[in-house]
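Since the structure comes first, as structure tokens, the remarks are kept for the end.
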Amino acid sequence: MKKPRVLLADDHKIVLEGLKSLLGDEFEIVGSVEDGRALVGQAATLRPDVIVVDISMPHLNGIEGARQIKKTDKSIKIVFLTMHPDATYAANAFEAGASGFVLKHSAPSELITAILEALKGRTYVTPLIAGDLIRTYQEGGSPEKDLFKKISPRQREILQLLAEGKSGKEIAAILNISARTVEFHKYKMMEQLNIKTSAELVKYAVRHGIISV
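In terms of this note's numbering, the sequence shown opens at residue 360 and continues consecutively.
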């Protein structure tokens, strides 16, 4: 019987190697990547059945990566494996199209269960945060919805790169746009979010899970 094909995404090599050992018997590991932009590219090239992805990754975080992947291929299942126990992250992950959310300190068998549930078209959330996640939705959904309504996907990409310390020229090169376009998006974000300084913009990115500290 053909094994389900899995793509791994985490910015720590030791985690990737551990996942390969854990999942290799039951699944075909088709590749591994260490940043969000590489994840989007490899997902399009490899067309895996399931992606196991962390939230905190350079260049493009896992949630934004998932959002972009699901726009082009809804059939790919995405399971988050993260250290973030905050239900807000889980809510954002599911809103981006995730099928599962597991914490890194959960039992290894839980990740396998989440992947298998995703392959069946079901949703899995670790019991450690399930109650908090339900309360988040009962209180009106994710507190981050206002962020995603206010700024565009391109602006979120630029916001993360700015928060990582990239210059306007570096961001322009990464995104293949002009430095002037980067500055336009930056100041448009500041205007939309009522933020006065670049430092406040970075704090906003951290506070809203665009990047982690």
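Ideal Cβ placement from N, Cα and C applies to all residues, glycine included.
Cα-Cα separation, residue i to residue j
i	j	result
VAL565	LEU521	11 angstroms
MET442	ILE569	15 angstroms
MET360	LYS479	16 angstroms
MET548	GLY527	14 angstroms
ALA531	ARG513	12 angstroms
LYS372	LEU560	30 angstroms
ALA558	LEU552	13 angstroms
Sub-7 angstroms separation of residue i and residue j beta-carbons
i	j	result
GLY424	GLY395	yes
VAL438	VAL411	yes
ILE510	VAL541	no
ILE488	ALA450	no
GLN401	GLY383	no
LEU405	LEU440	no
LYS433	VAL409	no
LEU381	PRO467	yes
PRO363	PHE386	yes
First through last residue of the alpha helix (DSSP H) which encompasses residue i
i	result
ALA538	538-551
SER468	467-478
ILE554	Where ILE554 is concerned, there is no enclosing alpha helix (DSSP H), given that its DSSP letter is neither H nor E.
LYS429	421-431
ARG396	395-405
THR447	446-454
Residue range of the unbroken beta strand (DSSP E) whose run includes residue i
i	result
GLY524	Where GLY524 is concerned, there is no enclosing beta strand (DSSP E), given that its DSSP letter is neither H nor E.
ILE410	409-412
GLY459	459-462
SER391	387-392
Cβ-based neighbour list, residue i, same chain, cut-off 7 angstroms, excluding 5 preceding and 5 following
i	result
THR431	ALA403
LYS545	ILE517 and LEU521
LEU375	LEU367, ASP369 and SER391
Sequence-distant residues of the same chain with beta carbon closer than 6 angstroms to residue i, five excluded per side
i	result
LYS429	GLY456
ASP491	ALA446
Close beta carbons around residue i, own chain, < 8 angstroms, minus the five adjacent residues each side
i	result
PRO417	ASP370, GLU393, ASP394, GLY395 and GLU523
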